[in-house]
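Remarks on the structure that follows.
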DNA sequence: CCAGATTTGTTCGTATGTATC
DNA sequence: CGATACATACGAACAAATCTG
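Protein chains in written order, with the numbering used here: chain A, 28 to 261; chain B, 28 to 261.
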């Protein structure tokens, strides 16, 4: 590996390999073994191992003794549902389907600039849609996506994980702030709950694996008695 | 390190070192350097390093180049507040103070046995108290603690992290399920909110670092406009 | 400010164990 | 059983951060 930077080799390698996945050069499935990667990049086996261990912790790959190292399918249900903590009471992740997409492209407002770390003249796509659990309305979602990162927005919006993938990004960490609000009609109607219902407001920012703020989403969700919000801490 | 088990050496070492902290043999502050630990346990430097790296990820120790490895003070504010995701709107963790403790010792009921993984005749301590942010009531908490793990329950209950420490345990991961409920008088009164207020119900199970379920807590919290719940996901 | 000692961080190499095919 | 690939463990060398005198 050419040494232009003083940054640790295994981190540079991590970024290079992550880029191969993000760009689509490496698709879900097996990749070269540790020894071949070490030769290809001119680093030691331990360095390759450290980079791959990191990527496994980030859920980008899975390593299996005797089998090999595999790029994960980010669109698999358990991976793409990790940015929504809502579960049915028996712990099952919700089925995701979407309705009523509405998209516009405009200059970012103050909140969008603050949440996404944008500049004065940066622009965003705004998407409003209804997230369904099967045939039951679950959450009204308002997305803001920087046009600088999302070049290609199709007419019908797929899951955000897929949308990120189509734009050469892999999603990493996210943080979500929860508050309570009385639902406005624009929320209670699509959710088909009474006008004065109290709903969870989920203010979420999602970063890419390389640390860029890529998605801001406001979610409005009436848990009812069928759903819970599941948080883990350590 | 004597090899009685087929379990990886670095995991055995991890447990041994964790036990030194849990038992109080190692108090917050510097510990022996990697080389000395390797000699003491008869393992290689890399094995010590792997065990300590794991313990750092678990936030049990902090490692600093040129300085050494330090046992963390689990009662420090940033560490003991990690099991409560409630923040003020400006992101500050809440000040924790407690009121109105009420303790009883009794046989575990069905829910307690299920949440804590207890047997038919196991017993628990039940503690109800009011968590304050400064002088403002924040959350009504109902704790259930297995008597098998908590031998020594003082009259005035300190923070659960301290209570665990006094009983030779270090807390690790926790999971929390959130639902919404209309506050019962037993909740709305101490919180001094109206009777029909909707509150967050926080159903939390905390594990020790060695993986035992140690604490079940039901929390009842009225966020209001001053507080938010902060969740992270990856 | 520098020189040297100490400690963790990174990188290399090698050998052996374990899981899978 | 043998071949392959990841997992563990050891050892050694140098780099980078920190502290001391």
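Glycine is no exception: its CB is placed at the ideal position from the N, C-alpha and C atoms.
Residue 142 of chain A vs residue 232 of chain A beta-carbon contact at 7 Å
As a working mapping, residue 142 of chain A is identified with position 115 in the first chain. As a working mapping, residue 232 of chain A is identified with position 205 in the first chain. Contact flag set, yes.
Give the straight-line distance between the Cα atoms of residue 166 of chain A and residue 218 of chain A, rounded to the nearest whole angstrom.
Stepping through the first chain from its first residue, residue 166 of chain A is reached at position 139. Stepping through the first chain from its first residue, residue 218 of chain A is reached at position 191. Their backbone Cα atoms lie some 7 Å apart in a straight line.
In the stretch 158-211 of chain B, which residue ranges form an unbroken beta strand (DSSP E) of at least 3 residues, counting only runs that do not cross its ends?
Taking 3 residues as the minimum length, the beta strand (DSSP E) runs contained wholly in the stretch 158-211 of chain B are 163-173, 198-209, in order along the chain.
How big is the Cα-Cα spacing for residue 182 of chain B and residue 245 of chain B?
In the second chain, the residue the question calls residue 182 of chain B occupies position 155. In the second chain, the residue the question calls residue 245 of chain B occupies position 218. Distance from the CA of residue 182 of chain B to the CA of residue 245 of chain B, rounded to the nearest whole angstrom, comes to 21 Å.
Output needed for residue 243 of chain B: all residues of its chain with C-beta closer than 6 Å, excluding positions within five of it in sequence on either side, in chain order.
Within the second chain, residue 243 of chain B is the residue found at index 216, counting from 1. Cβ neighbours of residue 243 of chain B beyond the five flanking positions: 142, 143, 171, 232.
CA-to-CA distance, residue 50 of chain B to residue 238 of chain A, given in whole angstroms
Numbered from 1 along the first chain, position 211 holds the residue referred to as residue 238 of chain A. Numbered from 1 along the second chain, position 23 holds the residue referred to as residue 50 of chain B. Rounded to the nearest whole angstrom, the CA to CA distance from residue 238 of chain A to residue 50 of chain B is 39 Å.
Any C-beta of chain A under 7 Å from that of residue 203 of chain B:
For the purposes of this step, residue 203 of chain B is taken as the residue at position 176 of the second chain. By this cut-off, residue 203 of chain B is an interface position.
May I ask you to list the residues that DSSP assigns as paired with residue 154 of chain B?
Taking the first residue of the second chain as 1, we reach residue 154 of chain B at position 127. In the DSSP output, where bridge partners are listed per residue, residue 154 of chain B has B:130, B:170.
At a Cβ threshold of 7 Å, is residue 247 of chain A touching chain B?
Position 220 of the first chain, counted from the first residue, corresponds to residue 247 of chain A. No, residue 247 of chain A does not count as interfacial toward chain B.
Distance between residue 254 of chain B and residue 100 of chain B (C-alpha atoms, nearest Å)
Taking the second chain and counting its residues from 1, the one referred to as residue 100 of chain B is at position 73. Taking the second chain and counting its residues from 1, the one referred to as residue 254 of chain B is at position 227. Answer to the nearest angstrom: the Cα atoms are 27 Å apart.
So, does the CB of residue 77 of chain B fall closer than 7 Å to a CB anywhere in chain A?
For this step, residue 77 of chain B is matched to residue 50 along the second chain. Residue 77 of chain B does not count as touching chain A.
Per the contact definition of three or more C-beta pairs closer than 8 Å, is the stretch 40-47 of chain B in contact with the stretch 73-88 of chain B?
The stretch 73-88 of chain B makes contact with the stretch 40-47 of chain B; the number of CB pairs closer than 8 Å reaches 3 or more.
For the stretch 61-74 of chain A against the stretch 148-164 of chain A, are there 3 or more C-beta pairs whose distance is under 8 Å?
The stretch 61-74 of chain A vs the stretch 148-164 of chain A: no contact.
Strictly under 7 Å for the Cβ-Cβ distance: is residue 258 of chain B near chain A by that measure?
The residue you call residue 258 of chain B lines up with position 231 of the second chain. Yes, contact with chain A.
By the three-class DSSP mapping on this structure, what secondary structure does residue 135 of chain B have?
Within the second chain, numbered from 1, the residue matching residue 135 of chain B stands at position 108. Here residue 135 of chain B sits in coil by DSSP.
Looking at the strands, I want to know which residues DSSP matches up with residue 33 of chain B.
In the second chain, counting from the first residue as 1, residue 33 of chain B sits at position 6. None; residue 33 of chain B has no bridge partner.
Please tell me whether residue 214 of chain B has its Cβ less than 7 Å away from any Cβ of chain A.
What you label residue 214 of chain B is simply residue 187 of the second chain in a count that begins at 1. Output row for residue 214 of chain B: interface = no.
Comparing alpha-carbon positions, which option in A:235, A:92, A:210 lies nearest residue 223 of chain A?
Sequence index remark: in the first chain, residue 223 of chain A carries index 196 (1-based). Per the Cα distances, A:210.
Cβ-based burial, residue 199 of chain A [other Cβ within 10 Å; buried from 16]:
One-based indexing of the first chain puts residue 199 of chain A at position 172. Within a 10 Å sphere around the beta-carbon of residue 199 of chain A sit 16 or more other beta-carbons, which makes this residue buried.
Hey, residue 259 of chain B and residue 202 of chain A: beta-carbon distance below 7 Å or not?
Here residue 259 of chain B corresponds to residue number 232 of the second chain, with the count starting at 1. Here residue 202 of chain A corresponds to residue number 175 of the first chain, with the count starting at 1. In this structure, the beta-carbon distance from residue 259 of chain B to residue 202 of chain A falls below 7 Å.
Give the interface partners of residue 199 of chain B over in chain A, defined as CB-CB distance under 9 Å, in chain order.
Taking the second chain and counting its residues from 1, one reaches residue 199 of chain B at position 172. Chain A residues near residue 199 of chain B: 261.
In chain order, what residues of the same chain lie with their CB nearer than 7 Å to the CB of residue 164 of chain A, ignoring the 5 residues before and after it?
In the first chain, residue 164 of chain A corresponds to position 137, counting from 1. Excluding residues up to 5 positions away in sequence, 157, 217, 218, 219 lie with their Cβ nearer than 7 Å to the Cβ of residue 164 of chain A in the same chain.
Does residue 95 of chain A come out as helix, strand or coil in the three-state DSSP assignment?
One-based indexing of the first chain puts residue 95 of chain A at position 68. Note: residue 95 of chain A maps to strand in three-state DSSP.
Any chance you could list the beta strand (DSSP E) runs of at least 3 consecutive residues sitting entirely within the stretch 32-114 of chain B, in chain order?
Taken in chain order, the complete beta strand (DSSP E) segments of 3 or more residues contained in the stretch 32-114 of chain B are 88-91, 95-98.
In three-state DSSP terms, what is residue 140 of chain B?
Taking the first residue of the second chain as position 1, residue 140 of chain B is located at position 113. Correct three-state label for residue 140 of chain B: helix.
Selected residue, minimal CA-CA separation from residue 74 of chain A, among A:36, A:104, A:59, A:147
Mapped onto the first chain, residue 74 of chain A falls at position 47. Among A:36, A:104, A:59, A:147, the Cα nearest to that of residue 74 of chain A belongs to A:36.
Closest residue to residue 98 of chain B among B:56, B:192, B:127 (Cα-Cα distance):
Translated into positions along the second chain, residue 98 of chain B becomes position 71. Out of B:56, B:192, B:127, B:56 has the C-alpha closest to the C-alpha of residue 98 of chain B.
Indicate the three-state DSSP secondary structure (helix, strand or coil) for residue 243 of chain B in the structure shown.
One-based indexing of the second chain puts residue 243 of chain B at position 216. Three-state result, residue 243 of chain B: strand.
Is the Cβ of residue 225 of chain A closer than 7 Å to any Cβ of chain B?
As a first step, residue 225 of chain A is located in the first chain; it is residue number 198 there, counting from the start. It does: the Cβ of residue 225 of chain A has a partner Cβ on chain B nearer than 7 Å.
With 7 Å as the C-beta to C-beta threshold (strictly closer), list the residues of the stretch 109-120 of chain A near chain B in chain order.
So the list reads 109, 110, 112, given in the order they occur along the chain.
Contact set between residue 206 of chain B and chain A, taken where Cβ atoms lie within less than 7 Å
Taking the second chain and counting its residues from 1, one reaches residue 206 of chain B at position 179. Under the 7 Å cutoff, chain A gives 250, 255.
List the DSSP bridge partners of residue 149 of chain B.
Counting from 1 along the second chain, the entry for residue 149 of chain B is found at position 122. Beta-bridge annotation (DSSP): residue 149 of chain B is not paired with any residue.
Neighbourhood of residue 52 of chain B by C-beta distance below 6 Å, restricted to the same chain and skipping five residues each side:
Residue mapping note: residue 52 of chain B aligns to position 25 of the second chain, counting from 1. Nothing meets the Cβ criterion.
Are the CB atoms of residue 256 of chain B and residue 113 of chain B nearer to each other than 7 Å?
Taking the first residue of the second chain as 1, we reach residue 256 of chain B at position 229. Taking the first residue of the second chain as 1, we reach residue 113 of chain B at position 86. Between residue 256 of chain B and residue 113 of chain B, the C-beta spacing is below 7 Å.
Unbroken beta strand (DSSP E) run spanning residue 230 of chain A, endpoints:
Here residue 230 of chain A refers to the residue found at position 203 when the first chain is read from its first residue. It spans 225-235 - the beta strand (DSSP E) in which residue 230 of chain A sits, taken as one unbroken run.
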